[in-house]
Structures are given as structure tokens and as C-alpha cells.
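Note sheet for the following structure.
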Amino acid sequence: MYQIDFHKPLHIHFIGIGGISMSGLAEILLGEDFVISGSDSKSSPLTQALEKKGATIYYGQRATNITDDVDVVVYTAAIHPDNPEFACAKEKGLPMLTRAELLGQIMRNYDTPVAISGTHGKTTTTSMVSHILLAGDCDPTISVGGILPAIGGNIRVGNSETFVTEACEYTNSYHAFKPFISIILNVDADHLDFFKDIDEIAESFHVFATKTPKEGLVIVNGDMKYYDTVVRDLECRVVTFGKGAQNKYSAHNIRFDDFGHPTYTLVVDGKEITDITLKVFGEHNVYNSLSAIAASLELGISIDVIKQGLSECVGAERRFEYKGTILDNVRVMDDYAHHPTEIAATLKAAKNTSYNELWCVFQPHTYSRTYALFDEFVDALKVCDHVIVADIYAAREKDTGLVSAKQLAEKIAETGTDAFYLPSFDDIENYLLKNCKKNDLLITMGAGNVYSIGNDLIKN
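717 is the number of the first residue of the sequence shown in this note's numbering; add one for each residue after it.
Have a look at this one:
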């Protein structure tokens, strides 16, 4: 693999620079005096921000974008060999790195890289750790997979030796990382267009855990089914968090305010320490916060600063995010949940708030996930009073013909839940405006563009 010398800035070109992670890496390198160019399909707030910082952005991907002064090309898993820029770079013999390989190299320039992994909860937990570090004036560099209001975007370039980032398991990209502290939140079946089965996913997380050096630390969910698989034969220290009393970090006396925010008593090694109050929703975030507390204490941050940081963390955008109110006090929320486990956690969090009836507009994400976890989606969504299913967001995939949004809606309806499919966002918005009643709660949900429904309703 080509190794970048960060003491000798080069011209790096990003194919697909507008992505949440690619744009963040580009911004870090701009801060290190690298010359940055990149391409994307259209202008966005992320590409516009890069342009203001000095990057050259091309809209549309063409071979001519790989100019003669480009030294290295970075690309994502979504880029195929027939991409004109990819093919041109190959023809020119330019060094090429995946997004994950570049991120792994950037991490090596920091004494204390912290990587947060797990099938669910990565962005929120990264946000929690980030808020704690900011509250402690630790001046970290942060790369988060969402827009974090506290840093005004998805990236923060600091001047300390602490680097905090998400670590995604898709295509085993996080195997390129070398974290000093690794967090593993959970292991669940997902990305089954890449992984064969849950056992292969668990083994992937084990390989990620082995990337932590023996002087480092793995913080892992001690309750999860695949705990033994993930931590076997590790040379580094292992610290656990979770519900069970066997974990070093656990929570007692969890309670919720009227908005669904939890407060709990932090327990370390069986001893009650202090009460922790969160500004994010749901019991699942109690356990996410335990991992953030474990990492922060390891970094030498006081419990008072940790409490302050967590109390200020409202999470990233699209994590049970309040959008506004329509009609007669119908609250509109938006959530990124796109896996049955995430959906169930979000809807459980919603139950801790007050409302008349619960509406969910769900946009399935990828055909492979919808097909593989079809029954699990039905079970997760049937707890709602009303479910509207939008067309499947294809993302990187093509329609296989094996599954459809209409089929999912019909199966949910068979459970007795009011569920149906509508073909367009306009149809969905019009139906909601006609049928939502006083004090109902509406959640738009999915990893695609379903959030625009809530935005449109609020504008109207």
C-alpha cells in the first residue's frame, strides 16, 4: 500500500468528495497544507465548505478531472473500475488509496486515536466522546459520520494528539485502522450484501479488535452474544460495559423526563458513582454513553467534565431529531434508523414521550437489507399505530425484483397495524396533512432522503 508522508504535502484527488466521510478527510488534509481536488455528482453544503477552504471541486466525474499534477487518488467502495476517473488514474499508474486506507494513515499521525465501531450507535457515541473532549478543552480532531452542531459540521481539526473517528465494518474498511482505544458497541446482522452471515460479521469485529496494540484498550459490550468471539486472544486490555452486573461499567435506576431523555446512576466495578443525565433519547443511548465514559476516563478526563459533556450532547443530525410541529400540535421527528434493531430502539425511545398516536414514514435502505431482514422489519414497525412505507432507497444497488416496499407494507398490515405503501413523497405528505390528528407523533425514518418529507411539511 502507498504510504503518504504527511511532512511532504501532495496533491490528493478524491473521487466522490461530497460524501460525509470523504469530505471530512479532505478537510483534515487541507489543514495540513495538502492540495485537494475532488469530484461529485452535484454541489452540496459539504462541497461548498471545501471550496471555501481552497479545494477544487468538479461536478460530474470525467477522466479530465485527473490532472497531471495529481499525486494520489482516493476512492470509496461505491466507485467501480469503470468509473472514468478511476480508470484514468489506473492508466496513469497513480497511487490509489481507499477512503479507509487514507483514514488509517491519518490516524497514525496521532498518539491517541480513538475508533468507535458497532453495527449501531457509532455516530451518536462518537458525538458523545467528542462533546466530552470539547468540554475538557482537549482540542481533539474529530471525524463523525453526521453533522454535529457542536463543531458546525462533520469534521473538526484540532491541535492535540487525540483523534476520534467512527469505524465502519462495511467491506471490512476498519481493518485499515490502528486505534489506541477501540470501542465495540454491538454486533448485529447487517450489510449482508457484503458479509455472508452474522458469524462472518462477528469475526470481522474480532479482526478489528486485534488492530489495537497490546498497550491499548478495547471497550466492548459485555452483554452481546458474540463477546467471546470478538475478544478472544486479544493482547490488549479489555473493559466491558452493559446491563449485566458482570460489566465494569453499568447503569442503575434508569428513568426518563417528559421528553424521553434518560437519567441513570453510573456504576463502576459494582460501586455507584454519580447520576448521569443525557440529552439524547432512549435506553440504548444509556449504554452507548457508558462506553463513552469508559474511554474518557481512560483519557484522564474527570467525571465532572464527563457529566458536563454528556449533558450538552444532543447528538448528530437525524438521530431522533426534532424538526418542528405541524397541524394541531403534531410533532415531527426524524431518525436515521435503517436496521430493525435501530428502528426498535428509536420506537422504544418514542414510547417514553407523550403523544396520541404514533406515525412512522419508513424508507427501506437497500434491496439486500430489506430482503435479508424482511421479517425483522415487520416486527420492529408493527408497534406503530400507522406506518407508511416509501419506495426502497437503492443506494449502491439495483432492484433485484425479490422485494418491494409494497410487499413490506402489506406484511406489516397483516399484523393488524394500519400500514400501506404510497408511491411518492408528495402522496405521503398530502396523506399526512389530511390524516394526522391533534397531539400525534410523526417520525420519518431511514438512511435515504426520507427526511425531506418532514422538511417539506414544516415549511408548509
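Every residue, glycine too, gets a C-beta built ideally from N, C-alpha and C.
Status (buried if at least 16 other CB within 10 Å, exposed otherwise) for residue i
i	result
Leu-1118	exposed
Pro-1080	buried
Ala-961	exposed
Asn-1176	exposed
Phe-975	exposed
Glu-931	exposed
Asp-913	exposed
Arg-778	exposed
Asn-781	buried
Gln-1018	Gln is not the amino acid found at residue 1018; the sequence shown has Ser there. Its Cβ having fewer than 16 others within 10 Å, Ser-1018 is exposed.
Leu-1148	buried
Glu-1130	exposed
Pro-1056	buried
Gly-1040	exposed
Glu-882	buried
His-907	buried
Asn-1045	exposed
Glu-862	Looking at the sequence itself, residue 862 is Gly, so the reference to Glu does not match. Burial call: buried.
His-1000	buried
Pro-978	buried
Asn-1165	exposed
CA-to-CA distance, residue j to residue i, given in whole angstroms
i	j	result
Ile-744	Val-873	6 Å
Tyr-826	Glu-1058	32 Å
Glu-1177	Ala-1110	The requested residue 1177 does not occur in the structure, where the chain is confined to residues 717 to 1176.
Asp-1107	Glu-1126	13 Å
Met-717	Thr-828	23 Å
Ile-822	Gln-1123	45 Å
Thr-993	Asn-1171	29 Å
Ser-1120	Asp-756	29 Å
Phe-893	Lys-964	26 Å
Thr-783	Glu-748	21 Å
Lys-1114	Asp-798	17 Å
Val-786	Asp-721	15 Å
Ser-1027	Arg-953	29 Å
Asp-939	Ala-805	46 Å
Asp-1134	Ala-765	43 Å
Met-657	Phe-802	Because the chain here runs from 717 to 1176, residue 657 falls outside it and cannot be looked at.
Phe-750	His-727	6 Å
Leu-950	Ile-848	28 Å
Leu-1015	Ala-925	19 Å
Lys-1154	Gly-740	41 Å
Phe-969	Cys-854	Before going further, note that residue 969 is Asn rather than Phe in the sequence given. C-alpha separation (whole angstroms): 31 Å.
Lys-808	Lys-769	28 Å
Gly-1085	Ile-832	The residue asked about is misnamed: residue 1085 is Arg in this sequence, not Gly. Distance between the alpha carbons of Arg-1085 and Ile-832: 23 Å.
His-1054	Gly-1162	5 Å
Asp-985	Val-830	23 Å
Leu-819	Glu-767	21 Å
Thr-814	Arg-824	16 Å
Lys-724	Tyr-775	28 Å
Ala-1011	Phe-911	29 Å
Asn-1137	Lys-758	First, the residue type needs correcting, since residue 1137 is Tyr and not Asn in the sequence shown. Distance between the alpha carbons of Tyr-1137 and Lys-758: 30 Å.
Val-1002	Phe-957	10 Å
Nearest-angstrom beta carbon gap, residue j and residue i [assumed within contact, 8 Å]
i	j	result
Lys-838	Leu-933	18 Å between Cβ atoms; not a contact.
Ser-876	Pro-856	6 Å
Leu-810	Val-790	Between Val-790 and Leu-810 the Cβ distance is about 11 Å, and since that is not below 8 Å, they are no contact.
Val-955	Ile-935	5 Å
Phe-972	Asn-1068	4 Å
Those residues which DSSP pairs with residue i across a bridge
i	result
Met-1181	Within the shown structure, residues of the chain are numbered from 717 to 1176, placing residue 1181 beyond reach of any answer.
Ser-753	His-729 and Thr-772
Thr-1160	Asp-1050 and Val-1077
Thr-763	Per DSSP, none; premise fails for Thr-763.
Val-955	Ile-935
Arg-872	Ile-858
Phe-972	Pro-978
Lys-987	Val-984
Nearest candidate by alpha-carbon position, reference residue i, set the options
i	options	result
Val-1030	Leu-1138, Ala-866 and Gly-735	Ala-866
Ala-918	Tyr-886, Val-845 and Ile-897	Tyr-886
Cys-1076	Asp-1101, Phe-997 and Asn-1068	Asp-1101
Arg-1047	Asn-1004, Leu-1015 and Glu-1037	Glu-1037
Gln-1024	Arg-1034, Glu-1033, Ile-1009 and Gly-776	Ile-1009
Ile-1174	Asn-1146, Arg-971, Ser-859 and Gly-1162	Asn-1146
Phe-1141	Val-1105, Lys-1114 and Phe-1090	Val-1105
Thr-1160	Asp-973, Gln-764, Leu-1097 and Arg-953	Leu-1097
Ser-753	Pro-761, Gly-732 and Ser-760	Gly-732
Leu-762	Leu-1148, Gly-734 and Thr-841	Gly-734
Ser-760	Tyr-1003, Gly-869 and Pro-725	Gly-869
Leu-1074	Pro-800, Thr-1082 and Lys-1064	Lys-1064
Val-947	Lys-959, Ser-966, Arg-1112 and Val-923	Val-923
Ile-773	Phe-730, Phe-1136, Thr-928 and Tyr-980	Phe-730
His-796	Arg-1112, Ile-1042 and Thr-1082	Arg-1112
Ser-737	Tyr-943, Lys-927 and Thr-792	Thr-792
is_contact[residue i, chain D] using C-beta, thresh 8 Å
i	result
Cys-952	Any reference to chain D falls outside this structure, which holds one protein chain only.
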